[in-house]
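In the order they appear, the protein sequences are chains V and G. The numbering used here runs 51 ahead of the 1-based position in the first sequence. The numbering used here runs 19 ahead of the 1-based position in the second sequence. We treat Cβ as the ideally placed atom computed from N, Cα and C, and that holds for glycine. Fair warning: this is a prediction, and the values are worked out from it, not measured in the lab. Notes follow the structure.
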Amino acid sequence: MAPISFKKFVTKGDFAQFLQTLSGSLQCVPEITDAEGDVLRVGSSDLELMQGVEPLPIIISDRLWGYVRAPEPYGAIFAHLTVYYLQREQDRRILAAEALDKYREITFLYAFAGKIASCLGIREVCQLVITEAHKLIPSTNAMVMLYQEAQHHLEVIACVGQTADAPPTFSPSQGIEGHVFLTGRAEIVNDLHADPRCDPRYPSSDYAVICAPLKTQDRVMGVIRLGTSEHIYYTAAELKLFTALTAQASAAIENALLHEHKIQEERIKSNLERYLSPQVAQAVISSTGQVSLTTSKRRLTMLFSDIRNFSGHCEQLAAEEVVTYLNEYFTHMVSVIFSHKGTVNKFVGDMIVAMFGAPATLPQHEQRAIAAAIDMQRCLVNIPVPWIRQHFLTGIGISTGEVVVGNIGSPQHMDYTAIGDEVNIAARLQGLAKGGQILVSRSVYDAARAHYTFRPYGDIVVKGRKNPVEIYEVLYTEKP
Amino acid sequence: MSKILIVDDEPHIRMLLEQTLEELEDEGVEIFTAENGEEALSAIQEEQPNLVFLDVMMPKMNGFDVCHTVKRELQLSQIYIIMLTAKGQEFDRVRGEEVGADIYMTKPFDPDEILDKAYEILNIPH
């Protein structure tokens with residue numbers, strides 16, 4: 052705040068004008084001098100009147116501003132008025148300076164809100180927050196740290212100023228930072244080293260610290276810390292401003308975290324959706340329902356489907372055409388399997404391997420597999436590509452039982468897959484099935500006999516089993 | 020000696036602008052204020068300021084009309100006029116250009132930006 056110039060005060064502006072008017076009315080012009088005695092306003096020219104008149108000092112809070120000299124009783128009146136107006140001018144300036152400071156803060160927060168709204172990345176947001184906080188409140192260093200649950204520490208995400216000696220992580224339960232993180236309350240610590248909580252790991256050259264939590268409604272995400280090595284005291288007003296800033300920052304950081312999480316989820320989902328129906332993929336991501344990707348033994352139904360004499364048909368075509376037709380065919384089949392909540396396990400050449408009942412448990416997986424198989428056959432005869440309709444016929448084999456299912460493979464290449472006898476049986480049945488035929492094992496028949504029409508199709512001997520496996524054919528019409 | 024005129028019907032804006040520009044008084048700049056368009060117009064003719072901060076939305080005579088009178092009718096093109104407009108309310112650029120405003124700034128204004136601009140326009144080293 053610029054100091055008042057006494058000269059300007061008595062010669063220009065409102066008070067000067069007021070003096071002039073008053074002098075006119077009273078027919079008395081006071082002489083006003085500064086503290087050194089230099090004349091600022093020339094008084095009455097009537098020397099006789101002024102003779103022997105003592106100058107009266109203008110003093111406010113022990114400071115001598117100058118003197119007013121006028122014959123009694125006017126001298127005292129002018130002196131009092133001058134003191135009164137001067138005091139008022141001082142108060143006005145203090146208020147105006149404070150108002151301007153507040154205005155600066157509002158302008159700052161306004162601009163900050165605009166800037167932060169255009170940031171999405173978590174680091175970008177943190178960097179902006181800390182740069183702005185550092186600009187707003189006098190500090191020699193500033194840091195944003197976020198709590199990392201897996202490592203159980205506060206990680207410094209962004210910093211400005213002298214932070215070379217700062218560790219990359221802070222304890223979430225020790226030091227001023229840990230304390231603010233635990234309590235969720237902002238704090239000022241003036242004279243840091245006198246505070247018993249001061250982290251011995253980071254004794255820093257800071258003299259004072261201002262630290263506030265980054266909070267959402269239900270949790271503390273991290274803290275923002277400003278420090279200064281200068282001998283200044285942070286004030287409650289600064290803490291209030293800092294808290295306003297961190298409140299905005301918290302919302303932006305929470306948004307950024309959610310956004311990051313969402314992107315990651317989308318990425319996982321798009322990968323999962325190649326193998327799983329969208330509902331199952333969603334169930335895996337949100338881990339609601341009984342979904343497990345860990346390897347376990349469970350009861351489910353396997354479905355194998357293969358195109359009869361595929362290589363024979365393809366000999367007449369160029370390789371690119373084969374791929375085009377095959378992709379068209381797979382697209383339709385996968386969509387049918389998904390519509391019955393099945394999981395596509397893999398494609399082997401022209402063969403499709405699917406399962407019902409993993410990774411999400413599925414009631415009546417045997418019936419669903421049969422329904423899928425029938426729809427696959429019906430779909431194939433109605434596929435909107437004449438060449439496929441004319442040349443592709445599929446045989447489908449289905450078996451149900453206990454299999455080991457999970458991520459199987461080497462760390463570099465994992466497959467979510469099933470292994471076990473039932474898998475081999477389904478593959479064998481598929482091999483036996485003629486074009487348009489659906490063959491199921493006894494176990495499937497037992498579970499679904501009430502819902503579909505079957506006819507016995509003989510036995511097969513499977514390696515490792517004493518008794519042969521009974522086979523049934525599912526009878527269905529091509530038109531639903 | 021340079022002169023600045025602040026024109027706004029809101030007393031707190033006048034006070035804030037005065038306070039923002041206060042340090043220019045040390046450079047010998049005189050600062051005046053006016054509360055409405057009519058007052059502004061007589062102050063401009065009387066004092067011939069170098070720079071005017073002119074609020075757009077004012078009773079009696081709005082900022083556009085004041086600017087038009089000064090720049091177009093009185094031909095006082097040497098007076099630099101900064102129009103002040105409230106944020107959120109779209110500044111009518113076409114109208115601003117028509118009446119001859121030099122630039123416009125939005126409220127809430129950034130005090131540092133206002134001060135820098137004043138130094139620049141009055142050609143005072145900062």
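Start-to-end residues for the beta strand (DSSP E) that takes in residue i
i: V:N518; result: It is not in any beta strand (DSSP E) - V:N518 carries neither H nor E in the DSSP assignment.
i: V:A127; result: It is not in any beta strand (DSSP E) - V:A127 instead sits in the alpha helix (DSSP H) that spans 125-168.
i: V:G273; result: 271-279
i: V:Y376; result: Segment 370-390 is the alpha helix (DSSP H) holding V:Y376; no beta strand (DSSP E) there.
i: G:L73; result: 70-74
i: G:Y99; result: 99-105
i: V:V512; result: Element bounds for V:V512: n/a, residue is neither H nor E.
i: G:A53; result: 49-53
i: G:E125; result: For the sequence presented, residue 125 of chain G should be read as Thr rather than Glu. 122-126 is the span of the beta strand (DSSP E), which, as asked, contains G:T125.
i: G:S61; result: Here G:S61 belongs to no beta strand (DSSP E); instead the alpha helix (DSSP H) covers 56-66.
i: V:I261; result: 259-266
i: G:L24; result: 22-26
i: V:P108; result: 107-111
i: V:T394; result: 394-399
i: V:S492; result: 489-492
i: V:L91; result: 90-92
Residues that residue i contacts on chain V, provided the C-beta gap is smaller than 9 Å
i: G:H31; result: A150, Y154
i: G:P130; result: L151, Y154, R155, T158
Whether residue i touches residue j by CB criterion (8 Å)
i: V:L323; j: V:M406; result: no
i: G:L73; j: G:G82; result: yes
i: V:G393; j: V:A420; result: yes
i: V:A164; j: V:M194; result: no
i: V:S362; j: V:M402; result: no
i: V:V436; j: V:R479; result: no
i: V:A307; j: V:K320; result: no
i: G:E65; j: G:L24; result: no
i: V:I476; j: V:V520; result: yes
i: V:A130; j: V:L100; result: no
i: V:E105; j: V:G94; result: no
i: V:I459; j: V:V491; result: no
i: G:V85; j: G:A59; result: yes
i: V:L277; j: V:I261; result: yes
i: V:C177; j: V:I304; result: yes
i: V:G457; j: V:E473; result: no
i: V:L296; j: V:L160; result: yes
i: V:F232; j: V:P264; result: yes
i: V:T346; j: V:V454; result: no
Chain G residues whose Cβ lies nearer than 9 Å to that of residue i
i: V:I157; result: P127
i: V:A164; result: The premise fails here: V:A164 is roughly 12 Å from chain G at the closest Cβ pair, so nothing lies under 9 Å.
i: V:A127; result: None at all; the shortest Cβ gap to chain G is about 31 Å.
i: V:A147; result: M34, L35, E37, Q38, E41
Run of the alpha helix (DSSP H) containing residue i, from where it starts to where it stops
i: V:H364; result: 361-365
i: G:M34; result: 30-40
i: V:E317; result: 287-323
i: G:C86; result: 82-87
i: V:G117; result: It is not in any alpha helix (DSSP H) - V:G117 instead sits in the beta strand (DSSP E) that spans 114-120.
i: V:S347; result: Counting along the chain, V:S347 falls outside any alpha helix (DSSP H), though it belongs to the beta strand (DSSP E) covering 347-358.
i: G:F110; result: Premise fails: G:F110 is in no alpha helix (DSSP H) and is neither H nor E.
i: V:N475; result: 472-483
i: V:D85; result: Per DSSP, V:D85 belongs to no alpha helix (DSSP H); it is in the beta strand (DSSP E), 82-85.
i: V:G172; result: Segment: none, V:G172 is in no alpha helix (DSSP H) and carries neither H nor E.
i: V:L70; result: 64-77
Amino acids of chain V, ordered along the chain, whose beta-carbon sits closer than 7 Å to that of residue i
i: G:F35; result: It is Leu, not Phe, that sits at residue 35 of chain G in the sequence shown. Within chain V, the residues near G:L35 are A150, L151, Y154.
Proximal chain G residues relative to residue i, where beta-carbon distance stays under 7 Å
i: V:Y161; result: P127
Minimum Cβ-Cβ distance from residue i to chain B less than 8 Å
i: V:V454; result: Going by chain labels, chain B is absent from the structure shown, which instead holds the protein chains V and G.
Three or more C-beta pairs closer than 8 Å, one from the region 196-204 of chain V and one from the region 265-273 of chain V: is that the case here? In short, these stretches touch, since the Cβ pair count reaches three.
Taking one C-beta from the region 185-192 of chain V and one from the region 165-174 of chain V each time, how about it: are there three or more such pairs within less than 8 Å? At 8 Å Cβ cutoff, the stretches do not touch.
For the region 106-121 of chain V and the region 88-98 of chain V, state whether three or more C-beta atom pairs, one from each stretch, are separated by less than 8 Å. Judged by Cβ distances under 8 Å, the region 106-121 of chain V makes contact with the region 88-98 of chain V, as three or more pairs qualify.
Between the region 443-462 of chain V and the region 481-492 of chain V, do three or more beta carbon pairs fall short of 8 Å? Result yes; three or more Cβ-Cβ pairs closer than 8 Å.
For the 8 Å Cβ check, are there 3 or more pairs between the region 96-104 of chain G and the region 119-139 of chain G? At 8 Å Cβ cutoff, the stretches touch.
For the structure I just gave you, are there three or more beta carbon pairs, one from the region 426-435 of chain V and one from the region 454-463 of chain V, closer than 8 Å? No, the region 426-435 of chain V is not in contact with the region 454-463 of chain V.
Quick test of the definition: if touching needs 3 or more C-beta pairs under 8 Å, does the region 490-509 of chain V touch the region 522-531 of chain V? With contact defined as three or more Cβ pairs closer than 8 Å, the region 490-509 of chain V and the region 522-531 of chain V are in contact.
Runs of alpha helix (DSSP H) lying entirely within the region 401-452 of chain V, each at least 4 residues, in chain order: Runs found: 416-432, 437-442.
Going residue by residue through the region 183-263 of chain V, where are the continuous alpha helix (DSSP H) segments of at least 4 residues, counting only ones entirely within it? Listed in chain order, they are 226-234.
Sufficient close CB pairs (3 or more, under 8 Å) joining the region 215-229 of chain V to the region 248-268 of chain V: By the C-beta criterion, the region 215-229 of chain V is judged to be in contact with the region 248-268 of chain V, since at least 3 inter-stretch pairs fall below 8 Å.
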